[in-house]
Every structure is written in structure tokens, then in C-alpha cells.
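Under our numbering, think of the first position of the sequence shown as 42, with each following residue one higher. C-beta atoms are modelled at their ideal positions from N, C-alpha and C, and glycine is treated no differently.
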Amino acid sequence: MKAERHVVVVGAGVGGLMAALILAGSGLRVTLLERAATPGGKMRQRFDQGLAMDAGPTVFTLKRIFEEAFASVGLDFDACAPSRRASVLARHAWDDRGRFDLFADLDRSADEVARFFSKADADGFRRFAADSARVWRTLERSFVRAPAPRFSSLVRGAGLSGLSDLLATRPFQTLWNALGDYFPDPRLRQLFGRYATYCGSSPFQCPATLMLVAHVEQDGVWMIDGGMHRLAQTLAEQAAAKGACVRYGAHVERITTSRSGAQVELASGEVLTADAVIYNGDVSALGQGLLGDAVRKAAPATAPEKRSLSAITWTLAARTRDFPLVRHNVFFSQDYSSEFDAVRRGGLIDDPTVYVCAQDRGDDDDVRDSPERLLMLVNAPATGDRRALSHEELATCAARTMDRLTACGLRLENEPTALQATAPQDFEALFPATGGALYGRASHGWAASFQRPGMRSKAPRLYLAGGSVHPGPGVPMAALSGWTAANCVMADLASMRLSPVMGTRGGISTPSTRTASTA
42 MKAERHVVVV GAGVGGLMAA LILAGSGLRV TLLERAATPG GKMRQRFDQG LAMDAGPTVF
102 TLKRIFEEAF ASVGLDFDAC APSRRASVLA RHAWDDRGRF DLFADLDRSA DEVARFFSKA
162 DADGFRRFAA DSARVWRTLE RSFVRAPAPR FSSLVRGAGL SGLSDLLATR PFQTLWNALG
222 DYFPDPRLRQ LFGRYATYCG SSPFQCPATL MLVAHVEQDG VWMIDGGMHR LAQTLAEQAA
282 AKGACVRYGA HVERITTSRS GAQVELASGE VLTADAVIYN GDVSALGQGL LGDAVRKAAP
342 ATAPEKRSLS AITWTLAART RDFPLVRHNV FFSQDYSSEF DAVRRGGLID DPTVYVCAQD
402 RGDDDDVRDS PERLLMLVNA PATGDRRALS HEELATCAAR TMDRLTACGL RLENEPTALQ
462 ATAPQDFEAL FPATGGALYG RASHGWAASF QRPGMRSKAP RLYLAGGSVH PGPGVPMAAL
522 SGWTAANCVM ADLASMRLSP VMGTRGGIST PSTRTASTA
């Protein structure tokens with residue numbers, strides 16, 4: 042393919058970063074536009090007491106997707122982004138009477154299930170692990186890595202011999218009900234039901250197919266040296282090294298496409314001409330016309346009632362007491378269904394399940410005398426475009442969050458009133474047209490996954506990437522969407538006869554314009 046072909050990537054979230062790397066590494070001229078001052082999108086960073094903290098995704102799985110993508114452009118992912126594998130996947134507590142760990146070693150986890158719960162639950166855990174692995178194997182090639190989420194293609198790809206495997210994914214049964222077939226103890230249903238929230242969904246409404254998330258974690262959880270935001274920086278650096286022009290502070294105001302080419306207009310008035318555009322932002326921004334009328338019909342906006350979960354998060358540096366934290370920790374509420382009922386009604390949760398990432402820890406749970414970097418998260422409704430939570434509501438939520446941690450034996454030195462929250466209205470400001478939804482469309486109902494847009498939009502020359510499109514949310518899925526979108530662009534451009542667009546390649550620039558994240 043001719044090197045003069047020009048592709049503009051809008052949004053330096055992980056999908057856009059991966060797309061830029063693949064395209065530039067394949068010899069195309071690439072301009073990556075991000076209106077924030079740094080790369081990452083939701084994989085963002087905040088500062089507290091002078092400490093840099095991950096304030097977005099914290100769990101890194103499916104490392105092999107990154108290894109394969111980097112290898113396709115002649116790079117060694119491990120050399121670019123050193124990491125280490127966690128032996129403890131997560132630590133869990135329901136009260137202050139004990140804690141339960143899941144391990145990378147499946148046999149060790151089964152023994153821990155038998156110790157903490159029962160032998161029947163341990164037997165169920167082994168069956169669940171085997172079935173979740175089968176679901177992943179069934180869907181990985183025929184669905185997850187496909188450029189578009191078509192049910193007909195999935196069935197044709199499976200063939201008659203694979204229909205039993207497709208039915209074994211349990212698309213017509215809810216995850217919560219399916220978990221009852223494996224686990225007598227309701228706490229384990231709560232633990233594995235929480236994996237639905239990785240897709241911003243409720244275990245009471247999403248299909249049992251999402252049990253595959255459990256296998257993805259069991260397959261390996263990795264800790265990136267320097268944190269998750271460092272991964273975004275690495276992607277940006279490697280894309281620039283391959284020749285991509287990475288521009289921060291570049292606010293895209295309008296995208297126009299036709300069968301003969303595309304234009305991207307910045308808020309500054311600058312217009313870039315391209316052979317193709319990859320949009321790495323929530324598709325609702327397109328559907329709501331935020332990128333102009335020409336691409337309004339490129340992908341539909343997500344209806345408010347179809348949105349995924351939002352969240353309230355806090356980053357802080359604090360001394361911890363009494364509970365031995367590891368990297369990933371979950372403190373469960375006493376009534377899981379009431380949490381999702383509250384969110385469905387658009388309200389805050391009285392007794393929230395709390396996720397705590399202790400960024401300075403690995404498998405080490407030693408007592409720390411100095412403050413450590415923490416990210417705390419509770420689920421919230423994606424109503425940030427309709428109603429801003431008040432200071433009093435956020436303070437109440439922080440107090441309830443602290444109450445849950447205390448009930449499970451963890452104590453922090455900070456007072457709840459001192460915590461600075463990122464709420465749904467803040468996520469809406471960062472990611473417009475979402476209401477603060479962090480995962481695009483919720484995966485509720487058997488057909489939800491097939492309703493996400495594929496990489497080829499309905500507008501000519503416009504391609505899609507990111508967590509709101511197929512194959513879905515999460516760092517590896519968004520990265521895979523960017524890789525697949527880049528491959529679609531290259532395949533389509535190779536089949537076209539175009540007059541190439543000329544310009545300058547390479548480097549990173551930071552013009553002084555608006556700085557709110559695009560993707």
C-alpha cells in the first residue's frame with residue numbers, strides 16, 4: 042500500500058492508540074488527534090499529594106492481544122511495556138470475619154473455595170471454570186475477533202457441529218440464574234456476577250455468556266510497570282516512533298466524509314484532508330450530532346435506558362489499617378440485587394459494593410506505614426447529562442462507601458468529606474453524549490452484543506473503534522477494536538483507486554487549545 046495514504050484517528054483512547062500504531066507501523070501516514078493534554082482516554086491519570094494515580098481501568102488481561110498486535114508491526118510488547126503476572130487475581134470480603142482470594146492457579150483457587158465456602162462450591166467452581174473457558178473458545182475467533190457482530194455470521198461460522206457449543210454459551214439465560222447451577226453459596230454468585238459490571242451491565246439482566254469474563258481473568262491478570270496510564274503513554278510513543286503525528290489539545294469539531302475522501306475540522310478552524318477517518322469515541326456523540334450532521338447517521342446514539350453503568354470514583358493517598366490489601370480488592374454489600382435496582386431507578390446505592398485498587402501493591406499484603414495510592418469505585422447510574430449529583434449526595438455516597446469498607450475490616454485515615462469524587466456528570470464532561478456511561482451500551486438481553494456497531498460505520502470512509510463498538514468495553518477489547526479497525530481501513534484502501542493526500546509525518550505536538558478527553 043502506498044505510504045502517502047493518510048488516515049486521521051480521532052481520540053487517543055486505547056482503541057485509537059492501537060489503530061494509529063498499526064496503521065503507522067504498516068506504512069500509512071497517520072495523524073492522531075486528542076483534545077486532552079495526554080493520551081489514554083478513560084485510561085487516565087490524576088494527582089493527589091503530588092502522586093500520579095491511575096484513575097480509570099486498572100485490570101489488565103488478554104496480554105496476548107497486545108503481544109500479537111505489537112508483533113505485527115515488528116515490536117516486542119514485553120520490551121516496550123514490562124509487566125508481571127499477578128498470582129492473586131483479587132481479594133474479596135463480605136464482612137470482617139475473613140477474606141477470600143482467587144488465584145491465577147486454578148487448583149489453588151478451588152482449594153480456597155473449599156476452605157472458605159464448601160466442597161460442593163469447589164466442585165461447582167471447577168465446572169464453572171471449564172464452562173467459561175469453553176464459552177471463550179467458542180466466541181473468540183468467530184465473534185470477538187470479527188469486524189462486525191452479526192448473529193448470522195456467528196451461526197454460519199460455527200456450523201452444525203458447533204451449534205451445541207453456541208447453545209452452551211447460554212445466551213437466553215441470565216448470568217445470575219446460571220451461576221445458581223454452579224454455586225450453592227450466594228456469595229459466590231455475587232462474586233462471579235460482578236464480572237457483568239466489567240461490561241457495565243447487571244448480572245440480573247445480562248446473558249450467561251458473560252461468564253467468559255471469568256475465564257479471561259483466570260487466563261492471566263498482569264500489572265504494567267508504571268501503571269495503566271503508562272501503557273497509554275507507551276502506545277503513543279511507539280505510534281510516534283513509527284511515524285504517526287500525535288497531536289494533543291486538538292479538539293475535533295466536525296467530520297465530513299464522502300465516497301471520494303474525508304475531512305476533519307478542528308475547533309481552531311484547521312481542516313485535515315484524509316483518505317479515511319477512525320473515530321475512537323463513544324458512538325453516541327456521532328448519533329447526537331456532536332461531530333456534525335454529515336456523520337450523524339454513521340452510528341446510532343445509545344438511548345438513555347440502554348446505557349451501561351457509570352461510576353463514582355475517588356483517588357487518594359492514604360494509610361490503610363487492619364485489612365491486608367493486594368492490588369485488586371472487592372468489598373461486597375449485603376444485598377446485591379438492591380444495588381442494581383437502585384441504579385435502574387437512577388438513584389445512588391445505600392450499601393454499595395466497593396472496588397479498591399491499591400496501585401502500589403502486587404501480591405504483597407504487608408502492613409504499610411506510609412500513604413499508598415488508592416482508587417475506590419462504586420457503581421452509579423449514567424444520568425450525568427440529565428442531573429448532576431450534589432455535593433451533599435456525593436458526601437453521603439462517600440460515607441456509605443467508608444461504612445462498607447469498615448464493615449469488612451478496612452480502615453483509611455481520610456475522612457469521607459475530604460475525598461474528591463469523579464461522578465457521572467464529570468464523566469459526561471470528559472466523554473460527551475454518554476451521560477457518564479463508561480462502557481457504551483449495556484449488555485442486557487441475548488441480542489445486545491449484536492447491536493453494537495462494527496468497525497465499518499454507515500458513513501463512507503468513517504471507521505469506528507473503542508469500547509462502545511464491537512467487541513465491547515475493557516482495555517483488551519478496545520485495543521482489539523482499534524487493531525481490527527486499522528485492518529479494515531487498510532483492506533478497503535487497498536481496493537480503492539485514490540489520489541493520495543500529501544503532508545508531514547511523525548512526532549508529537551501539543552497545541553494550546555481546549556483540553557477535554559475525546560475517547
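Taking the C-beta atoms as reference points, GLN279 is found nearer than 8 angstroms to LEU116. Per DSSP, the continuous alpha helix (DSSP H) segment holding ASP467 begins and ends at 465-471. Ranked by Cα distance from ARG211, the options GLU181, LEU251, TYR239 are led by LEU251. DSSP places HIS47 in the strand class (E or B) of the three-state scheme. Using a Cβ distance threshold of 8 angstroms, VAL51 and TYR320 count as a contacting pair. By the C-beta density criterion, MET537 is exposed, having fewer than 16 other C-beta atoms within 10 angstroms. Burial check for PRO123: the Cβ neighbour count within 10 Å stays below 16, so the residue is exposed.
Taking a C-beta distance under 8 angstroms as the contact criterion, VAL336 and THR298 qualify as a contact pair. Only buried fits ALA315, as 16 or more other CB atoms lie within 10 angstroms of its CB.
Nearest neighbour of ARG186 by Cα position, chosen from VAL48, MET496, PRO501, turns out to be MET496.
Sorting MET59, ARG85, ARG46, ALA53 by C-alpha distance to the C-alpha of ARG70 places ARG46 at the top. Distance between VAL318 and ARG288, taken at the CA atoms: about 15 angstroms. Comparing C-alpha distances from GLY387 to each of ARG140, ARG482, ASN420, ARG300 shows the shortest one belongs to ASN420. In this structure, the straight-line span from the alpha carbon of ASN528 to that of PHE107 is close to 15 angstroms. Nearest to ARG132 by alpha-carbon distance, out of ASP382, CYS449, GLY91, PRO248, is CYS449.
Check the Cα spacing between ASP407 and each of THR361, GLU454, ARG441: the tightest is with THR361. Across the structure, SER498 and TYR480 are spaced so that their CA atoms are roughly 19 angstroms apart. In this structure, DSSP gives CYS247 a state outside helix and strand, which the three-state scheme calls coil.
For ASP95, the beta-bridge partners assigned by DSSP are GLN86. For GLY302, the uninterrupted beta strand (DSSP E) run begins and ends at 302-307, by DSSP. Non-local C-beta neighbours of ASP363 in its own chain, meaning closer than 6 angstroms and more than five positions away in sequence, comprise GLY450, ARG452, ordered along the chain.
Secondary structure at GLU278: helix, using DSSP grouped into helix, strand and coil.
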